[in-house]
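Colleague:
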């Protein structure tokens, strides 16, 4: 079953013709924190030649620590992050896990953490009172 997903407004859709991601992990790099607006980005790495994207996709060119470019993909309508595409590894694209179809992302099992040097200290703590939703 291919991996499918879309942005918030559904203008950008994608299909990765794979049964499962090559890697599913938490990316703690500063750029992913900023792009996601959160403490990390859940990424699902797929082969770039297996990915088809449709819709008003925009790309922004950033720079990795290696000096290579990293293209950040997002919806040109709603701005939702879709993926990042590192020029240093042209064979892969890292899809943003939150953009996957709901039933697919419910089945994800992260197996890797990357850029843990950027992991924020409070992400290492387990909260005593987790909330299923917003606290009342």
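Residue numbers (my numbering): 1339 to 1474. Beta carbons: idealized from backbone N, C-alpha and C, even for Gly. Computed from a predicted model, the values in this text were never measured in an experiment.
1) Report yes if the C-beta distance between residue 1434 and residue 1419 is below 7 Å; otherwise report no.
2) Does the pairing of the stretch 1341-1353 with the stretch 1389-1403 give three or more beta-carbon distances under 8 Å?
3) Please classify residue 1360 as buried or exposed, where buried requires at least 16 neighbouring CB atoms within 10 angstroms.
4) Assuming residue 1386 and residue 1430 are in contact, meaning their beta carbons sit under 8 Å apart, how far apart are those beta carbons, in whole angstroms?
5) Taking the straight line between their C-alpha atoms, what separation do you get for residue 1417 and residue 1378?
6) Can you give me the C-alpha to C-alpha distance between residue 1384 and residue 1462, rounded to a whole angstrom?
7) Quick check: the Cα distance between residue 1438 and residue 1452, rounded to an integer number of angstroms?
8) Along the chain, where does the alpha helix (DSSP H) containing residue 1369 start, and where does it finish?
Modeller: Let's see:
1) Here the question's residue 1434 lines up with position 96 in the chain shown. Here the question's residue 1419 lines up with position 81 in the chain shown. A contact, by the Cβ cut-off of 7 Å.
2) yes
3) Taking the first residue of the chain shown as 1, we reach residue 1360 at position 22. Answer is exposed; the Cβ neighbour count stays below 16.
4) The residue given as residue 1386 occupies position 48 in the chain shown. The residue given as residue 1430 occupies position 92 in the chain shown. That belief holds up - the Cβ atoms of residue 1386 and residue 1430 are roughly 6 Å apart, short of 8 Å.
5) Reading the chain shown from its first residue, position 79 is the one you call residue 1417. Reading the chain shown from its first residue, position 40 is the one you call residue 1378. Cα-Cα distance, rounded: 18 Å.
6) Locating residue 1384 in the chain shown gives position 46, counting from the first residue. Locating residue 1462 in the chain shown gives position 124, counting from the first residue. For residue 1384 and residue 1462, the distance between alpha carbons rounds to 27 Å.
7) Mapped onto the chain shown, residue 1438 falls at position 100. Mapped onto the chain shown, residue 1452 falls at position 114. Their Cα atoms are separated by approximately 20 Å.
8) Position 31 of the chain shown, counted from the start, is the residue given in the question as residue 1369. Segment 1368-1374, the alpha helix (DSSP H) holding residue 1369.
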